[in-house]
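J.: Just dropping this structure here.
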Amino acid sequence: MNTHVPFVVTAAVFIGGALISANVLPEQLLAQVGPVNDNFEERTVFSGSLLSVPGTTVGATRQPDEPLHASTPGTSSVWWSWTAPTTGTVELTLLNAFSFSPILATYTGDQLLSLTPVASVSFSTQLTFSATAGTNYQIVVDSANFGSSTPSTGSFTLQLQLLEPPANDNFANAIELVGQQASASGTNRGSSAEVGEPAHAGFPASRTVWWTWTAPETGSVVIDTFGSNFDTVLAVYTGNAVNALTPVASNDNSNSGSNSRVTFTAIAGTTYRIVVGGFFGSVGEINLGLGPFAPNDNFSARDTLPSQVVPALSRTVNTSRATKELNEPNHAGNPGGRSVWWTWTPSRNRRVTISTRNSTFDTLLAVYTGNELNNLSVVAANNNAGGSLESQVTFDALVGTSYQIALDGANSVGGDTSLVLSRGLSSIFSADFNADGRPDTLTRSPLSGQLTLQLGGKAQGQTAVLPSVADLAWEIAAVADFDGDGKADVLWRNYGTGSNRLWLMNGTVRHSTVELPTLSDTDWQIAGTTDYNGDRRPDILWRNGSTPEKRVIWLMEGTRLQQMLPIASSNTRQQPVP
């Protein structure tokens, strides 16, 4: 206990015979005198809803009848008194309290021996409590005692802020979310738990705010707080009263982080109550997201793609609520944050192209080998193919090798997209399309299917844009003059359905389309065109991808199939194929 007597200390400091300063109060003198608010009876009174005051525990003591704050032994307490002007949540913060281990506590009562505890915390610089208008609160800052003969003390700034409660603080004032996908931002600063409110995820309700959502359809749903800047607790219920709720799902920490995530099956027409709170009083800004569940979110749950490559094999997915796992690599050099996974083992050696299509966000794409998330080897990766927000990789796949495919969003964005796996065949063809005796170049975009014809010869530099074929199951198999007009035509095969067709070209214009017979076994691939029977018209050479030695010729009469013949081996006679 210190006795405070007003006095003035005059001192002089000389260095080398020169007077440097006068009227100096050394730290030792402050330690002897102590802060003016050392004793409870001499606590400093302040007022207002937002204030900041300097303080120190240097030279402070504990009084004989002083309670143990936050059940933690202390050595050097100082006191303030504050009366709440309105009802709300109070945040007490110690700024620049670096030189000691603080204890914060609040009480009601005006006698040291009969104080009523309100809230307290040790080894923390922040304390939150609910204040009632007109109530007088006693605030104490102490220094924790670690058994040292010399107490650890220091100076600080005490900040008090009286917060208005958020609009959705109470269950009855929950904010409505609408749609199959929804997001909301908010805060739990100034919020409080209600009487009768249940524990969430097994922890006492604290600093909670509420939303409500009615499922528009039945299906798996993910709700998360990813992007929130504090330790959240998340829970979902059904029910119409805060003290009569039925639990649906709850979570404290997801993927070893401090944010939360739940997955559940929503029933169409059912109203769900969503609550976000702070872990033991944590507060901050909330980022709440709701959307469909991606079943291949985790590496261990990756979706298996068929081994047999059918061009334009595609998978549509929404990644809005997907996550990044612990030990997951950065894909294409970007941290991402909302990845989904596939695995693919090819049935034969071949070059393949994997791309993202029709994406509503900036995608990342990566292909790996390896069966453990923390031990993957990169095969290929891409972000922003051709300057677009979509991604594409091409690589030589080896039979029997399992490839792990990750699709992510740059900087944690997500949305709708499609993964497309196609045979990595050339999309550039050279032929004379305008009958000038010079080759022209036909190019097809692997992302959009757009066709561009670059003319050569005297027309060099002229470019024509042909109708696009967005369905990547259709591939250009060959270009040749099938109708005998001296201008190249375009032969197409659909490796999804087995359909075949000709585009008959008049220079840079398609003037008609001829449907050819369907060869539904998509293992049969068009290997090229050649004049097999000497009629100066192109015929079509086929080979079987599963059995490369099996080959067939379509003898064409212009644009019509005349006969199908197998290619004879050394010991087999050539016979027509019925």
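Everything in the sequence shown is counted per the working numbering, starting at 2 for the first residue and increasing by one. We put the beta carbon where it would ideally sit given N, CA and C, even for glycine.
1. If we ignore side chains and look at the alpha-carbon of each, how far apart do L69 and G155 end up?
2. From G187, S78, P74, pick the residue whose C-alpha is nearest to that of R44; which is it?
3. In whole angstroms, what is the alpha-carbon distance linking A382 and S102?
4. Kindly confirm or deny that the region 267-280 and the region 204-211 touch, where touching means at least three C-beta pairs closer than 8 Å.
5. Could you please give me the residues that DSSP links to A194 through a beta bridge?
6. Does the Cβ of W532 have 16 or more other Cβ atoms within 10 Å, making it buried, or fewer, making it exposed?
7. Pick from V491, T94, L390: whose alpha carbon is nearest that of N412?
8. Taking its Cβ as the centre, do 16 or more other Cβ atoms sit within 10 Å of I429, making it buried, or is it exposed?
9. Can you tell me which residues form a DSSP beta bridge with T344?
10. Determine the contact status of T560 and L467, defining contact as a CB-CB distance below 8 Å.
11. Please classify L327 as buried or exposed, where buried requires at least 16 neighbouring CB atoms within 10 angstroms.
12. Could you pull out every residue in the same chain whose Cβ sits closer than 7 Å to the Cβ of E516, ignoring the five residues on either side in sequence?
13. Can you tell me where the beta strand (DSSP E) holding L374 begins and where it ends?
14. Within the same chain, show all residues whose beta-carbon is closer than 8 Å to that of N97, passing over the 5 residues directly before and after it, in chain order.
15. Can you list, in chain order, the residues of its chain with a C-beta nearer than 6 Å to that of P36? Leave out the 5 residues immediately preceding and following it.
16. Based on DSSP bridge pairs, tell me the residues matched to H201.
17. Applying the criterion that 16 or more other CB atoms from any shown protein chain within 10 Å of the CB defines a buried residue, is D536 buried or exposed?
18. In the DSSP assignment, what residue or residues form a beta bridge with E516?
19. Could you pull the DSSP bridge partners for T129 from this structure?
20. Using the Cβ count rule (16 or more neighbours within 10 Å means buried), how would you classify V46?
21. How about the region 292-301 and the region 167-184: do they share at least three Cβ pairs that are nearer than 8 Å?
22. Would a C-beta distance cut-off of 8 Å place A478 and P539 closer than the cut-off?
23. Between the beta-carbon of T84 and the beta-carbon of T129, is there less than 8 Å?
24. Mind reading off the beta-carbon distance from G499 to T523? Whole number of angstroms is fine, and I expect it under 8 Å.
25. Is DSSP giving L114 helix, strand or coil here?
T.: Let me spell this out:
1. 20 Å
2. The shortest C-alpha separation from R44 is found at S78.
3. 49 Å
4. yes
5. Note: A194 sits in no beta bridge, so no partner.
6. As written in the sequence, residue 532 is Asp, which differs from the Trp given in the question. D532 should be labelled exposed.
7. L390
8. exposed
9. T305, Q405
10. no
11. exposed
12. R502
13. No beta strand (DSSP E) holds L374; DSSP gives it neither H nor E.
14. S156, F157, T158
15. T57, A61, V79
16. Beta-bridge annotation (DSSP): H201 is paired with F204.
17. exposed
18. R502
19. E92
20. Per the 10 Å Cβ criterion, exposed.
21. yes
22. No, these two residues do not count as a Cβ contact at 8 Å.
23. no
24. 6 Å
25. helix
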